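Scroll down for the structure; my scribbles are underneath it.
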Ligand code: FPP
């Protein structure tokens, strides 16, 4: 089904907090892992919808630094699903020109998941139609802390002066360096929190919370949210909106 959405004022970057897999399963008296499995199907739907309607950047919060504290069985099921996704979607990413990036502490992932992530990133790195960021073992405070450390090291080495630290310098040391900030952050399952997700980058993002649980989230609801976004007046702290058609602040 081709999406019926105006190409004008489409967000350049959509970020999603995929929440509610556990509750989806619980309501059906199923193991939480079944919710994550169904959630993986929703991931495929939303990635292909973004590609279809030409949203250049999509970031999905797939596993937070805090998620390591979940029961071992759930963590390993999630890792298995992530690896399965990377393996099964690589051909499609090549066909559709999707470049995969992992945002987060890659070194904390189990070796087989890390190797697969590195392989898929290397295989897809010359694709330019869309970037799919998977936030894995991701935490925004960790990301900002790492950026501060990198900047401090450059100062220590005499490569940068304190007076040269600008917002751009900080942004250039985040995992998202070189990417546009998210225009739209969607959270499913009705929670009104950012949960340590893209805190710096979402400074001016439009936030949309839906009560739908992630496994039930559909292409149709996603398009509805995008249509709603297109109607919002983004002022970026100014009085009047003067947003160009690409949606970037002026
Ligand atoms: C939050 O739901 C979701 C997660 C912690 C994991 C998200 C993972 C997927 C959608 C599937 C695997 C990902 C990919 C990219 C293939 P929750 O478990 O916290 O739900 P709850 O709040 O209802 O318990």
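Numbering (our numbering), first residue to last: 54 to 303. Glycine is no exception: its CB is placed at the ideal position from the N, C-alpha and C atoms. All of these numbers come straight from a predicted model, not from anything done at the bench.
Run of the alpha helix (DSSP H) containing residue i, from where it starts to where it stops
i: residue 154; result: Premise fails: residue 154 lies in the beta strand (DSSP E), 151 to 156, not in any alpha helix (DSSP H).
i: residue 279; result: 272 to 284
i: residue 75; result: 74 to 80
i: residue 166; result: 164 to 177
i: residue 216; result: From DSSP, residue 216 is part of no alpha helix (DSSP H); its letter is neither H nor E.
i: residue 223; result: 220 to 224
Sequence-distant residues of the same chain with beta carbon closer than 7 Å to residue i, five excluded per side
i: residue 155; result: 170, 174, 187 and 189
i: residue 163; result: 132
i: residue 240; result: 70, 72 and 262
i: residue 215; result: 208
i: residue 265; result: 241 and 274
i: residue 88; result: 74, 75, 77, 78 and 268
Proximal residues to residue i (C-beta, below 6 Å), its chain only, five neighbours per side dropped
i: residue 68; result: 112, 235, 238 and 251
i: residue 98; result: 272
i: residue 228; result: 156 and 196
i: residue 161; result: 190
i: residue 243; result: 264
Run of the beta strand (DSSP E) containing residue i, from where it starts to where it stops
i: residue 203; result: Careful: residue 203 lies outside any beta strand (DSSP E), inside the alpha helix (DSSP H) at 193 to 209.
i: residue 261; result: 259 to 262
i: residue 112; result: 110 to 117
i: residue 89; result: Note, residue 89: premise wrong, no beta strand (DSSP E); alpha helix (DSSP H) at 85 to 106.
i: residue 238; result: 237 to 240
i: residue 68; result: 66 to 70
Close-in-space but distant-in-sequence residues of the same chain around residue i (CB under 8 Å, 5 per side omitted)
i: residue 301; result: With a pLDDT of 49 at residue 301, under the threshold of 50, the predicted position of this residue should be treated as unreliable, and no value is reported.
i: residue 278; result: 237, 239, 261 and 263
i: residue 298; result: Reliability fails at residue 298, whose pLDDT of 46 lies under 50, so the model's placement of it is uncertain and no value is given.
i: residue 128; result: 120 and 121
i: residue 245; result: 262
i: residue 222; result: 204 and 213
Status (buried if at least 16 other CB within 10 Å, exposed otherwise) for residue i
i: residue 281; result: exposed
i: residue 254; result: buried
i: residue 82; result: exposed
i: residue 126; result: exposed
i: residue 178; result: exposed
i: residue 270; result: buried
i: residue 96; result: buried
i: residue 114; result: buried
i: residue 124; result: exposed
i: residue 204; result: buried
i: residue 100; result: buried
i: residue 110; result: buried
i: residue 142; result: buried
With the ligand FPP as the reference, list in chain order each residue whose Cβ lies under 5 Å from any of its heavy atoms.
71, 72, 73, 74, 75, 76, 89, 92, 93, 96, 115, 134 and 138
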